[in-house]
Each structure stands twice: as C-alpha cells, then as structure tokens.
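The numbering of the sequence shown is this note's numbering, which starts it at 8 and goes up by one.
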Amino acid sequence: MTIEGRLISGWLPFIYAKFICDQLQVNRDILLVVDTGTTITTINEFDARQMKIDYSKLTKNQDSLGIGGSAQSYLAESCHLYFGEGIESVDVKPVKFLRQINVEKPDQERYPSLLGMDVLRNYKISFAESKVILEKSVLE
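Dropping the structure here:
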C-alpha cells in the first residue's frame, strides 16, 4: 500500500486521512503531519473541538509537553485511519487527544494533529518533488 501526501515548501509533510473512532462516534476528514518525533498519533485541540470530542469517554493520561506548551492528554482505545480512496485502513491503538485548558496564545490552537511512529514504523518514508510518500514495509 502506498500513501501520498503533500510537501509544501516552508511547511511540513502532511497527509489527509479519514479518522474514524467508534468509541467517540467520530467520522471526519483530518490533516495529519508526518512526525517521526511523535510516539503516538495525536489529535490536537482544534481538531478535537471540530470533532466535538467528549473527553469523559476517554482515559486520562499524563499531561503532554511540547512546542505549544503543556496540555492535558487523553487516550482513545482504538481508532482507524483511512487513506486515499479509503480502501486500506490502519488501526491506531491508542490515539492521544490533547486538551488545552488555558490557551495563552490563540496560535497554539493551530498546531497540527500528528501521524506518529505507532503508524509510521510500518512504512518507508520518501520525498519526491512536492510529495511525501509512505510505502508499506514488507516484513521478511
């Protein structure tokens, strides 16, 4: 399976996916930045608000600290990402949702959701012109 995303000069490589989480009754298109520095696929505060996430249905995790400051962290047990035409899906267990109680700067809400190593470790990542390409690794 090959997944293609976009690489915009001066920005980050990103991929569109359909995010489905039965636990939260969510089915939404989402933009994810390819981030090899992130352990667990993470949904940011802005996207979580758009999805109308009910944090009471999630498991509280230790707070997260990153470039945007600290945020409360919650885990969903199992979600799915559908890439391209939606034929192939990837199970993501768990998925981290961030919740910022005190947003000091409005720009903090614009930090992207992240496709982490929990998914990326199964793919070879390459770049061509304005594309990021993920190719499913073949286990020997």
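Every residue, glycine too, gets a C-beta built ideally from N, C-alpha and C.
| Check | Outcome |
| --- | --- |
| Could you tell me whether the region 129-142 touches the region 47-56, where touching means 3 or more Cβ pairs closer than 8 angstroms? | no |
| Quick one: grab the DSSP three-state call for SER63. | helix |
| Could you give the uninterrupted runs of the beta strand (DSSP E) lying entirely in the region 10-45, keeping only those of 3 residues or more? | 20-28, 33-41 |
| May I have the straight-line CA-CA distance separating CYS86 from TYR23, to the nearest angstrom? | 15 angstroms |
| Assign GLN107 to one of two classes, buried (16 or more other C-beta atoms within 10 Å of its C-beta) or exposed (fewer than that). | buried |
| PHE104 and LEU65 - do their beta-carbons sit closer together than 8 angstroms? | yes |
| Roughly how many whole angstroms lie between the Cα atoms of TYR118 and VAL145? | 32 angstroms |
| Let's test the definition: count the other Cβ atoms within 10 Å of the Cβ of SER80 and tell me whether it reaches 16, buried, or not, exposed. | buried |
| Quick one: what does DSSP say GLU142 is sitting in, helix, strand or coil? | strand |
| Assign LEU121 to buried or exposed, taking buried as 16 or more other Cβ atoms, counted over all protein chains shown, within 10 Å of its Cβ. | buried |
| Helix, strand or coil for PHE134 per DSSP? | strand |
| For ILE15, count the other beta carbons within 10 Å of its own beta carbon; 16 or more makes it buried, fewer makes it exposed. Which is it? | exposed |
| Can the beta-carbon of GLU142 be found closer than 8 angstroms to that of THR46? | no |
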